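Everything on this sheet refers to the single structure shown next.
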Amino acid sequence: MKFIIEHLSKRFEQKEVLKDIHFTFEDGKIYGLLGRNGAGKTTLFNCLNRDLKADSGTFSLEEDGIRRDVTAEDIGYVLSTPTVPEFLTGREFLKFFLDINETSVQASKSLDEYFNMVSIAPEDRDKLMKDYSHGMKNKMQMLINIIAQPKLLLLDEPLTSLDVVVAEEMKGLLRSLKDSRITIFSTHILDLALDLCDEIILLSHGELEAVEKSNLDDQEFKEKIISALREETYA
Ligand SMILES: Nc1ncnc2c1ncn2[C@@H]1O[C@H](COP(=O)(O)OP(=O)(O)OP(=O)(O)O)[C@@H](O)[C@H]1O
95 MKFIIEHLSK
105 RFEQKEVLKD
115 IHFTFEDGKI
125 YGLLGRNGAG
135 KTTLFNCLNR
145 DLKADSGTFS
155 LEEDGIRRDV
165 TAEDIGYVLS
175 TPTVPEFLTG
185 REFLKFFLDI
195 NETSVQASKS
205 LDEYFNMVSI
215 APEDRDKLMK
225 DYSHGMKNKM
235 QMLINIIAQP
245 KLLLLDEPLT
255 SLDVVVAEEM
265 KGLLRSLKDS
275 RITIFSTHIL
285 DLALDLCDEI
295 ILLSHGELEA
305 VEKSNLDDQE
315 FKEKIISALR
325 EETYA
């Protein structure tokens, strides 16, 4: 499977944030999307999730040589600021999600097993989510996106609010789920990107480019990435 972006552009008034982006992603890989503050990472995700209308361009999935449009079911999107229905308990939310997606989601675990996957403690499972911490809301969002098994998983800075133990568990979970899907993971934390991701792509000057590792050792690779990001200028 491939996810192909072609000629994607987006501007906000004078600022051209995405400039004729073209890139092909392949399944089975986690892509680390790096870019300076304001480079356009969230804008890119919002356009791909159709929360924002791009000015031009297309994106499609190619499976067995056949191209098709991306549907809402193909995409899972974990926002950096999690939004969950705060008037529900974690358990009600999870049950509701599984009920309404009964036909598309194969629920292979009990509710408590799902909570265990993301380390939501038993005493928190029946609390209203308005009383959840930022990290706990984030985990709930990760959980429903993981259960939905989307072909394209967009993660906008998802691990930064998680404690180190859960962040490690989440990394393991994302690695175990990467086969047969494309995961794009935006982060400012270079070491996290290097640790988790199979490919590093930079969003710089409104364009996406892969950073070639070839014969570089880890330190040289890091320096290459930082020096490319340093060249980013602001419009
Ligand atoms: N709705 C909007 N209206 C006007 N400008 C916007 C809007 N959304 C984003 N921008 C501008 O587009 C640029 C890219 O913003 P975006 O949030 O996509 O960057 P980012 O790479 O996700 O940044 P960060 O790493 O700081 O989260 C910024 O200059 C921002 O001010």
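Those letters in the sequence shown? Residues 95 to 329, by the working numbering.
Ideal Cβ positions, reconstructed from N, Cα and C, are used throughout, including at glycine.
Since the structure is predicted, the reported quantities are computational estimates derived from the model, not experimental observations.
Residue i versus the options, residue with shortest Cα-Cα distance
i, options, result
"Y171", "T197, F97, L142, T152", "L142"
"A148", "L267, D158, I160, G134", "G134"
"K109", "H299, L290, V260", "H299"
"K316", "L128, R105, L112", "L128"
"L271", "T254, I241, E293, D285", "I241"
"K245", "L253, E107, E196, D168", "D168"
"G126", "K318, H282, V258, S321", "H282"
"R45", "D158, E180, R130, K104", "The requested residue 45 is not part of the displayed model; the chain covers only 95 to 329."
"L146", "F106, E207, R324, D158", "F106"
"L323", "N131, K203, L112, T197", "N131"
"S227", "S255, K203, E207, Q243", "S255"
"R269", "D289, L284, V259", "D289"
"L267", "Y208, D225, E314, I319", "Y208"
"P216", "Q200, F191, R185, I194", "R185"
"E180", "L284, I319, D225", "D225"
"I320", "L297, N309, F190", "L297"
"T136", "L192, Q200, E157, L112", "L112"
"K211", "V260, S150, D158", "Rather than Lys, the amino acid found at residue 211 in this sequence is Met. Looking at the Cα atoms, V260 is the closest of the given residues."
"L284", "K318, D257, L310", "K318"
"D206", "S198, K189, F117, T118", "K189"
"K96", "S308, E157, F139, N140", "E157"
"N140", "L102, I194, T118", "L102"
Beta carbon of residue i nearer than 7 Å to that of residue j
i, j, result
"A304", "I295", "yes"
"N239", "P176", "no"
"T183", "D220", "yes"
"L155", "R162", "yes"
"V178", "M223", "yes"
Whole-angstrom C-beta distance between residue j and residue i, which should lie under 8 Å
i, j, result
"F187", "M236", "Contact flag wrong, Cβ pair sits at about 13 Å."
"I115", "E301", "6 Å"
"D273", "G122", "5 Å"
"I124", "D292", "5 Å"
"S204", "E263", "Between E263 and S204 the Cβ distance is about 19 Å, and since that is not below 8 Å, they are no contact."
"E100", "T152", "5 Å"
Quick test of the definition: if touching needs 3 or more C-beta pairs under 8 Å, does the region 267 to 282 touch the region 235 to 251? yes
Starting from the N-terminal side, write out each stretch of the alpha helix (DSSP H) that is 4 residues or longer and does not extend beyond the region 227 to 280. 228 to 242, 258 to 270
Would you mind listing the beta strand (DSSP E) stretches within the region 113 to 173 that are 3+ residues and don't spill past its ends, in chain order? 124 to 128, 150 to 157, 160 to 163, 169 to 172
Tell me the start and end of each unbroken alpha helix (DSSP H) in the region 276 to 305 that is at least 4 residues and wholly inside, in chain order. The region 276 to 305 contains these whole alpha helix (DSSP H) runs: 284 to 290.
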